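Undergrad: Per the working numbering, the sequence shown starts with residue 77, numbered consecutively.
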Amino acid sequence: MAQTVTLVEVDVTSPAGVTSTLRFSDRAIRPLPPSEPIYSNVPWDDRLIDPPTLRRSLFDDMATLTPALGVGSMSLSNGDGGLDAYRGHLWRTIRIWRWTEGQPFSTASRLLSGLATPPEYDDSTSSSASVSVSLYDYSVELDRDIQPTVYSGGNGTGGVLYEGAADGLKGRPKPLGFGRLTDAHIPAPQVNAAVLAYQLHDAAISGGVQIFDRGSPAGYAAQPDRAGSVFDAYTPPAAGSVTDLGRGLLKINGDPVGKLTFGFQGESAGGYVETVGPILARILARAGVPADRIGASIGALSAPAPVGLWVGDTTSAAAIVAKLARSAGAAVLPDRQGVWQAFKFAAPAASPAFEIGADQVVRLSADNAGVAPAGVVRIGWGQVYTTFTTSELLPALVKTTTAERLATEYRYAVAEDATVKSRLPTTWRTIEIDTALRLEADAQALANDLRALFGLRADGAPRRQWKVVLEMTPEALAMSLGATVRLVYPPRGIDGLYLLVGEEPMRPSRDLMTWTLWG
């Protein structure tokens, strides 16, 4: 009978900048034959002490739709000192497969494509020398600032006009705006005080520029858009304004009475977009994700509601992706191949993609980490990026609905479940999620969807979460997170449809895997 083997590739870079690939296995195998198009005659070093640990989930916190980071670790034998030469190397990209010896390598199942941390060498004389490496899926690549470009503070030197003063904007990230922000009251930075110039976005914007003073339309007469040096040389008439949409810039001529805020339609490079999927694709690209690792499901995500998002300070790409995903009720994460995908979070489908019968269950246990039923769901929408106290408002706005709106960052659409409250008076929970949604109707629709999702099942019972240990077959490995699974286990009276929300391949042993099912 053919045996399975775990194969690991790690790309490492020497201090001199030379990149090479290390290859490991969890048992000795013959090199692949010359007929293999990629790995023919390539040796694999059997240094894996145990199969790597890997854990991936749709969410870290399902109730708040908080994304999860795929994590793992591996231990390599180094009794012969063979890995000592790589102490100073940067261990970076990693790929892990499960392969059946003798089969074409194309049949191998990918378990992880991601990133490795610098290795930790155990040089203790009281134990066998080993090397430990922590592993992450590509979610970790979003732990970087979405905007690396900052203001130089160099206004007035060498023709610099819109970089702020050395004692003002220097070092501050330039703003970014995406989608519908026309009523978002953006606190755009003043990039040139002498000419009253402001920057809305660090690139081209679509238009729709609004100017507010003390929370009310300021009344500046908009002049035709001007670009480049024409904009630079132009002074709008008194009580007028002018834009350079190609650079996201705006000038006014007139002194505001109070706090000045703005609205606009965001980034237009590649065409203006204001829905979650296309904006997600742009954020991932801006974060450095190559185009071939942005899956088609990202741009095609079914989420037609308009959203808007503005960033004016140091913010990670991960935080932006998470907020956009929440706005669509979706999970956004890299798959096992390292390609970013989007999954619309919903109840299990009517037809399962996989079925687990009682004879396939190696171990079954209730997982009490599941979400308690929600009696109230609150969805934040219409974010206001500048809030106003009563004294900061135009007097005519005091005690109006506009004043109420501008007093807090979010408004909330609320969906209550009277049945949950009645049946579970001491255990129901409130779920509150802030989003980039701009319209109340869309926020209410999301609140209603989540109320149904986190409420009671059709049979009146709370949703359950199970840990199931099963054989790690190619068919099981073909399932993606978010797949619908039918679990049938008569000894516990279980026969239902569940979502695959978490996976741990090769756990508790190399030929088994643990699934987390919810539904």
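For each residue, glycine too, the CB sits at the ideal point set by N, CA and C.
Bear in mind the structure is a predicted one, so any value in this text is a computation, not a measurement.
1. With a 10 Å radius around its C-beta and 16 neighbouring C-beta atoms as the bar for buried, classify residue 77 as buried or exposed.
2. Among residues of its own chain, excluding the 5 on either side of residue 96, which ones have a beta-carbon nearer than 7 Å to its beta-carbon?
3. Can you check which of these residues, 570, 355, 535, is closest to residue 437 by C-alpha distance?
4. From residue 372 to residue 378, what distance separates their C-alpha atoms?
5. When you compare only the Cα positions, how much space is there between residue 275 and residue 399?
6. Taking the alpha-carbon of residue 250 as reference, which of 259, 98, 257, 240 has the nearest alpha-carbon?
7. Alpha helix (DSSP H) containing residue 375: first to last residue?
8. Which word fits residue 603, buried or exposed, when buried means at least 16 other C-beta atoms lie within 10 angstroms of its C-beta?
9. With DSSP as the reference, identify every bridge partner of residue 431, one or two as the case may be.
10. Is it true that the stretch 475-490 meets the stretch 342-353, where meeting means three or more beta-carbon pairs spaced less than 8 Å apart?
11. Going by DSSP, what residues sit across from residue 416 in a beta bridge?
12. Within 10 angstroms of its Cβ, does residue 171 collect 16 or more other Cβ (buried), or is it exposed?
13. Just tell me which of 85, 139, 105 has its CA closest to the CA of residue 454.
14. Decide if residue 485 is buried, meaning its Cβ has at least 16 other Cβ atoms within 10 Å, or exposed.
15. If you reduce the DSSP assignment to three classes, tell me which class residue 169 lands in.
16. Is DSSP giving residue 530 helix, strand or coil here?
17. In the DSSP assignment, find the unbroken alpha helix (DSSP H) run with residue 358 in it and report its ends.
18. With C-beta atoms as the reference, is residue 473 less than 8 Å away from residue 291?
19. Which one or two residues does DSSP pair with residue 174 in a beta bridge?
20. Going along the chain, which residues of its own chain have a beta-carbon closer than 7 Å to the beta-carbon of residue 177, five neighbours each way excluded?
21. Please check the pair residue 103 and residue 85, which I expect to be a contact at CB under 8 Å, by giving their CB distance rounded to whole angstroms.
22. Could you pull the start and end residues of the alpha helix (DSSP H) that residue 306 belongs to?
23. To the nearest angstrom, report how far apart residue 316 and residue 218 are at their CA atoms.
24. Using a threshold of 8 Å, state whether the C-beta atoms of residue 133 and residue 408 are closer than that.
25. What number of angstroms, rounded off, separates the C-alpha of residue 233 from the C-alpha of residue 269?
26. Please work out which residues of its chain come closer than 8 Å, Cβ to Cβ, to residue 401, disregarding the five sequence neighbours upstream and downstream, and give them in chain order.
27. How is residue 213 classed by DSSP in three states: helix, strand or coil?
28. Below 8 Å, can you find three or more Cβ-Cβ pairs linking the stretch 118-137 to the stretch 578-591?
29. For a test of the three-state rule: what should DSSP assign to residue 322, helix, strand or coil?
TA: Looking at the coordinates:
1. One-based indexing of the sequence shown puts residue 77 at position 1. Confidence at residue 77 is low in this model, with a pLDDT of 47, below 50, so its placement is unreliable and the value that follows should be read with caution. With fewer than 16 Cβ atoms within 10 Å of its Cβ, residue 77 is classed as exposed.
2. If you number the sequence shown from 1, residue 96 lands on position 20. These residues qualify, in order along the chain: 88.
3. The residue you call residue 437 lines up with position 361 of the sequence shown. Nearest of 570, 355, 535 to residue 437, Cα basis: 570.
4. Within the sequence shown, numbered from 1, the residue matching residue 372 stands at position 296. Within the sequence shown, numbered from 1, the residue matching residue 378 stands at position 302. Approximately 12 Å, taken between the alpha carbons.
5. Residue numbering aside, residue 275 sits at position 199 when the sequence shown is read from its first letter. Residue numbering aside, residue 399 sits at position 323 when the sequence shown is read from its first letter. Answer to the nearest angstrom: the Cα atoms are 23 Å apart.
6. Position 174 of the sequence shown, counted from the start, is the residue given in the question as residue 250. Cα-wise, what sits closest to residue 250 is 240.
7. The count along the sequence shown starts at 1 and reaches residue 375 at position 299. Residue 375 -> alpha helix (DSSP H) spans 372-375.
8. Residue 603 lies beyond the residue range present for the chain, which begins at 77 and ends at 595; the question has no answer from this structure.
9. As a working mapping, residue 431 is identified with position 355 in the sequence shown. According to DSSP, residue 431 bridges with 562.
10. no
11. Within the sequence shown, numbered from 1, the residue matching residue 416 stands at position 340. The partner list for residue 416 (beta bridge, DSSP) reads 370, 410.
12. Indexing the sequence shown from 1 puts residue 171 at position 95. With 16 or more Cβ atoms within 10 Å of its Cβ, residue 171 is classed as buried.
13. One-based indexing of the sequence shown puts residue 454 at position 378. The residue with the shortest Cα to Cα distance from residue 454 is 139.
14. Walking along the sequence shown from the start, residue 485 turns up at place 409. Burial call: exposed.
15. As a position in the sequence shown, residue 169 is number 93, starting the count at 1. Assigned with DSSP and collapsed to three states, residue 169 falls in strand.
16. The residue you call residue 530 lines up with position 454 of the sequence shown. Coil, per DSSP.
17. For the purposes of this step, residue 358 is taken as the residue at position 282 of the sequence shown. Start and end: 352-362.
18. Reading the sequence shown from its first residue, position 397 is the one you call residue 473. Reading the sequence shown from its first residue, position 215 is the one you call residue 291. Closer than 8 Å, so yes.
19. Within the sequence shown, numbered from 1, the residue matching residue 174 stands at position 98. The partner list for residue 174 (beta bridge, DSSP) reads 82, 185.
20. On the sequence shown, residue 177 is found 101 positions in, with the first residue counted as 1. 78, 79, 81, 105, listed in sequence order.
21. On the sequence shown, residue 103 is found 27 positions in, with the first residue counted as 1. On the sequence shown, residue 85 is found 9 positions in, with the first residue counted as 1. With a Cβ gap of about 16 Å, residue 103 and residue 85 do not count as contacting.
22. The residue given as residue 306 occupies position 230 in the sequence shown. Where residue 306 is concerned, the enclosing alpha helix (DSSP H) stretches over 304-309.
23. By one-based count along the sequence shown, residue 316 stands at place 240. By one-based count along the sequence shown, residue 218 stands at place 142. About 41 Å.
24. Working through the sequence shown from its first residue, we reach residue 133 at position 57. Working through the sequence shown from its first residue, we reach residue 408 at position 332. Contact flag unset, no.
25. Within the sequence shown, the letter at position 157 stands for residue 233. Within the sequence shown, the letter at position 193 stands for residue 269. For residue 233 and residue 269, the distance between alpha carbons rounds to 15 Å.
26. Counted from its first residue, the sequence shown places residue 401 at position 325. For residue 401, where only same-chain residues beyond five positions count, the Cβ hits under 8 Å are 141, 143, 352, 356, 407, 408, 418.
27. For the purposes of this step, residue 213 is taken as residue 137 along the sequence shown, with counting starting at 1. Secondary structure at residue 213: strand, using DSSP grouped into helix, strand and coil.
28. yes
29. As a working note, residue 322 is residue 246 in the sequence shown. The answer is helix: DSSP assigns residue 322 an H, G or I state.
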